[in-house]
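Residues in the sequence shown are numbered consecutively from 6, following the numbering used here. Just so it is clear, CB atoms sit at the ideal spot from N, CA and C, and this is done for glycine as well. Model, not experiment: these values are computed from the prediction. Here's the structure, in C-alpha cells; my notes come after.
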Amino acid sequence: MTLAAPHVSASLTADLTDEIYVGGSWIRGAGDPIESIDPSSGEVFATLHAATAEDVDTAVRSGSAAARVSGWSTMLLHERAAVLHRIGNAVEDNAGRIAAVQTLDTGKTLTETRALAMSAANTFRYMAAAVETMDGALTTPRGPWMTMSTHEPMGVIGAITPWNSPIASDAQKIAPALAAGNAVVAKPPVWAPWVTLLLARLCDEAGLPAGLLSVLPGPGRTVGETLVRHPGVAKVTFTGGTSTGRHLAHLAADKLMPITLELGGKSPTIVYDDADIERALQGVLYGIFSSSGQSCIAGSRIFLHRNIFESFTTQLVERAQRLRLGPGTDPSTDVAPMIALRHRDSVADMVDAAVANGATVLCGGAIPTEGALAGGAYYPPTVLTDVRNSDAICQEEIFGPVAVVLPFDDDLDLVEQANDSVYGLACGIWTEDYRRALRTAKSIDAGTVWINTYKQFSISTPFTGLRDSGLGTEKGRDAVRQYSNQKSIYLDLSDTPSTWGRNR
Ligand code: NAD
C-alpha cells in the first residue's frame with residue numbers, strides 16, 4: 006500500500022510504499038506508524054509502519070538460514086563478488102531515483118544525495134573487488150604440518166545507521182558484511198528510513214539471495230536494541246551518537262560480541278598564517294557549512310593564527326553570509342534545511358546558550374521566521390567568537406551549521422587546545438609548510454587528518470574514530486576482514502604417529 010501524500014510526484018510515490026523488508030518478504034510493519042516529514046516544508050509526505058521486536062527475530066533467523074541454504078556463506082568469492090558488482094551497478098543506474106528519495110526524506114541538496122548514491126555504488130564495487138582478491142595465508146610451519154589462516158563469515162550482522170548520510174552509511178556496512186559471506190539485518194533511522202528500503206529493492210533485483218538482507222525501520226530503543234541483544238547476531242556495526250554508542254557497547258560486552266562504533270566529533274580546523282588563504286577560506290567554509298553542518302567530521306572548531314585572526318574571520322563571515330539557504334531540490338541552494346524542526350531547535354538552543362555565556366554572533370544565529378524558509382527546518386550559517394575552548398559550545402557536538410573561531414599563538418598551545426576534546430575524529434590543517442603540516446598532523450589525536458583539503462573521502466582509505474569518536478575501523482580492504490572470523494588450520498604431514506604416552 007502506498008501512503009505518500011498527494012503532493013509527492015508519481016515517480017517518487019512508487020518508492021514510498023508502506024512496506025518493510027523482513028527475511029525476504031515485503032510486509033507492512035506491525036509497529037507504530039512513522040510520519041515522514043519533508044524538512045524543507047514541514048509537511049508529512051508519507052507514512053511507514055515500523056518493524057517490531059518479533060520482526061527482528063524473524064529477520065535474524067531468516068538471515069542465518071539464507072546464508073546457509075542459498076550457499077552464500079560458502080560461495081566462491083568471485084561468484085559472491087559478481088552479485089555485489091551487480092548491486093553497485095544497480096545503485097549507479099538508479100542514482101537519480103535514490104537522490105530524489107533521500108532529498109525528500111533528509112532535506113539534503115540533490116547534488117549531495119546523488120554523490121552519496123555514487124559513493125554507495127562505488128562501495129559495493131570496491132568491496133566486490135576486495136573480497137575477490139583477498140587471499141588467505143599459508144603460515145610458516147613450526148612443526149610437521151601445513152598451517153593455514155583462513156577467514157570465515159561471522160553469521161548475522163546488525164547494521165544500525167544514522168540519518169545524516171543514509172545510503173552511504175548503509176553501503177559502508179552492508180557491502181563488506183555481505184562480501185564476507187554474512188547475512189545483514191539493517192536498522193535505518195526513524196528520520197530517514199526510505200532510502201535503505203530502496204537499496205534493499207535494488208539488492209533484491211540484482212539477485213542477492215532472499216533473506217540475506219532485512220531492513221527494519223523503527224525506534225532505536227525497541228527495534229535497534231532488540232537487534233543488538235539478539236543471541237543470533239554475531240556482530241553489530243553502529244554509526245550514530247556517542248551516548249547511544251556507549252550504551253550499545255555495554256550491551257555488546259554482556260554478550261561478548263564485537264561491535265564497531267563510528268560516533269560523534271568536534272573536529273579542529275587549523276589555519277596557519279602562511280596558508281594559501283583563498284584555498285583555506287573555501288575549504289573551511291565547505292568543512293563546516295556543507296551538509297548544513299550535519300556531519301560527524303564537520304570542522305566546527307576553527308583555530309586561526311593570531312596574525313590572520315581578524316582578516317580571515319572577516320572574510321569567512323562575508324562568505325558564510327553569501328551562502329544561499331533553500332530547499333535541497335533547488336540547484337542554487339548551498340545550505341539545505343536540517344533533518345527536522347526538533348533538531349534545528351536544539352541547534353538554536355545551543356547557540357543561544359553560548360551567547361548567554363558571553364559568545365558574540367558574527368553571522369547567523371537566528372531561525373528564519375519569514376518568507377519561504379519559515380516553514381522548513383532552516384538554520385543559517387553561524388560563526389561565533391569570544392569563546393574559550395573549554396566552553397560547551399567548543400566542546401559539545403552541535404551537528405549543525407555553527408562554527409566557533411579561536412585564535413592561537415604558537416604550535417604547542419595550538420596542539421594542546423586542539424586535543425583538548427573528548428572526541429578524536431578528524432582535523433584540518435592549512436599551511437604551505439609541509440614539515441609543519443606533517444608535524445601537526447602527527448600530534449593531533451584524530452582518526453583522519455586533511456592537509457590543505459577537507460571532508461574528502463575514499464572507500465579505499467580506512468576511517469577510524471578515537472576516544473569518544475568510536476571504536477574500530479570502517480572502509481579500506483580490511484573492512485571485509487572486520488566481518489570475518491579468523492580460523493587457523495593445522496594439517497599434519499608427519500609420517501609417524503605421535504609417541505606421547507608410549508613410555509609407560
Ligand atoms: P543516534 O545515536 O540517535 O541514532 C543512530 C541510530 O541508532 C539510529 O538508527 C537510531 O534509531 C539508533 N538507536 C538509537 N538509540 C538506540 C538504542 N538504544 N539501541 C539501538 N539503536 C539505537 O544518532 P543520530 O542522531 O541518528 O545521528 C547523529 C550522530 O551520528 C552524530 O553524533 C554524528 O556525529 C554521528 N555520526 C557519526 C559518523 C562517523 O562515522 N563517526 C557518521 C555519521 C554520523
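By Cβ distance below 8 Å, which residues in the same chain neighbour residue 379 in space, the five residues on each side in sequence not counted? Contacts found: 373.
Please give me, in chain order, every unbroken run of the beta strand (DSSP E) with length at least 3 that falls completely inside the region 171 to 220. Listed in chain order, they are 188 to 192 and 218 to 220.
For residue 422 and residue 287, I'd like the C-alpha separation in whole angstroms. Taking the straight line from one Cα to the other gives about 23 Å.
Beta-carbon proximity check, residue 302 vs residue 270, cutoff 8 Å: A distance below 8 Å separates the beta carbons of residue 302 and residue 270.
Taking only three categories from DSSP, how would you classify residue 294? Of the three classes helix, strand and coil, the one that applies to residue 294 here is helix, per DSSP.
Could you tell me the boundaries of the beta strand (DSSP E) in which residue 268 lies? Taken as a continuous stretch (DSSP letters only), residue 268 belongs to no beta strand (DSSP E), as it is neither H nor E.
Give me whichever residues DSSP pairs with residue 490 in a beta bridge. According to DSSP, which records beta bridges pairwise, residue 490 is partnered with 157.
Ends of the alpha helix (DSSP H) at residue 260? Note, residue 260: alpha helix (DSSP H), 247 to 260.
Whose CA, out of 435, 238 and 236, lies closest to the CA of residue 313? For residue 313, the closest of 435, 238 and 236 by C-alpha to C-alpha distance is 435.
Figure out for me which residue from 424, 25 and 452 has the closest Cα to the Cα of residue 431. Comparing Cα positions, the closest option is 452.
Just to confirm the assignment, what range does the beta strand (DSSP E) spanning residue 310 have? Its beta strand (DSSP E) spans residues 306 to 310.
Expressed to the nearest angstrom, what Euclidean distance is found between the alpha-carbon atoms of residue 91 and residue 132? So the two alpha carbons sit approximately 12 Å from each other.
In its own chain, which residues sit with a C-beta less than 8 Å from the C-beta of residue 61, not counting the 5 before and 5 after it? Answer for residue 61: 190, 221, 228, 231, 232 and 235, listed in chain order.
For residue 2, the residue or residues it bridges with in DSSP: Only positions 6 to 509 of the chain appear in this structure, which leaves residue 2 out of reach.
Can the beta-carbon of residue 355 be found closer than 8 Å to that of residue 299? Against a cut-off of 8 Å, the Cβ pair of residue 299 and residue 355 comes out as no contact.
Can you check DSSP and say which residues form a bridge with residue 495? DSSP output for residue 495 lists 152 as bridge partner(s).
Measuring straight from C-alpha to C-alpha, what distance separates residue 7 and residue 473? Note that residue 7 scores a pLDDT of 48, beneath 50, so its modelled location is shaky; the value from the coordinates is reported in the next line. When the Cα atoms are used, residue 7 and residue 473 turn out to be separated by approximately 41 Å.
Return the CA-CA distance between residue 262 and residue 180, expressed in angstroms with no decimal places. The straight-line gap from Cα to Cα measures roughly 20 Å.
Look up residue 5 in the DSSP assignment and give the residues it is bridged to. Outside the displayed span of the chain (6 to 509) sits residue 5, for which this structure offers no information.
Return the CA-CA distance between residue 394 and residue 310, expressed in angstroms with no decimal places. Distance between the alpha carbons of residue 394 and residue 310: 15 Å.
Run through DSSP, which three-state label would residue 275 get? Look at residue 275 here: in three-state DSSP terms it is strand.
Should residue 385 be labelled buried (16 or more other beta-carbon atoms within 10 Å of its own) or exposed? Within a 10 Å sphere around the beta-carbon of residue 385 sit 16 or more other beta-carbons, which makes this residue buried.
Can you list, in chain order, the stretches of the beta strand (DSSP E) that have 3 or more residues and sit fully within the region 341 to 411? Within the region 341 to 411, the beta strand (DSSP E) runs of at least 3 residues that lie entirely inside it are, in chain order, 365 to 368 and 387 to 390.
Other residues of its chain near residue 172: CB distance less than 7 Å, five sequence neighbours each side excluded: For residue 172, where only same-chain residues beyond five positions count, the Cβ hits under 7 Å are 103, 107, 121, 122, 125, 200 and 204.
Taking the DSSP output, what are the residues bridged to residue 241? Residue 241 pairs with 163 and 264.
Using only the alpha-carbon positions, how far apart do residue 502 and residue 153 sit? The alpha-carbon of residue 502 is positioned some 21 Å away from that of residue 153.
Leaving aside the five residues before and after residue 339 along the sequence, list all residues of the same chain whose C-beta is less than 6 Å from its C-beta, in chain order. Once the five neighbours on either side are set aside, the close Cβ partners of residue 339 are 328 and 329.
Shortest alpha-carbon distance to residue 396 belongs to which of 414, 428 and 363? Measuring from the Cα of residue 396, the nearest candidate turns out to be 363.
Counting C-beta neighbours from all protein chains within 10 Å, is the total for residue 281 16 or more, i.e. buried, or is it exposed? Using a 10 angstroms sphere on the CB of residue 281, the tally of other CB atoms stays under 16, which defines it as exposed.
Which value, in whole angstroms, describes the spacing of the CA atoms of residue 291 and residue 400? Taking C-alpha positions only, residue 291 is separated from residue 400 by approximately 21 Å.
Comparing C-alpha positions only, which one of 241, 43 and 156 sits nearest to residue 82? For the set 241, 43 and 156, the Cα lying nearest the Cα of residue 82 is the one of 156.
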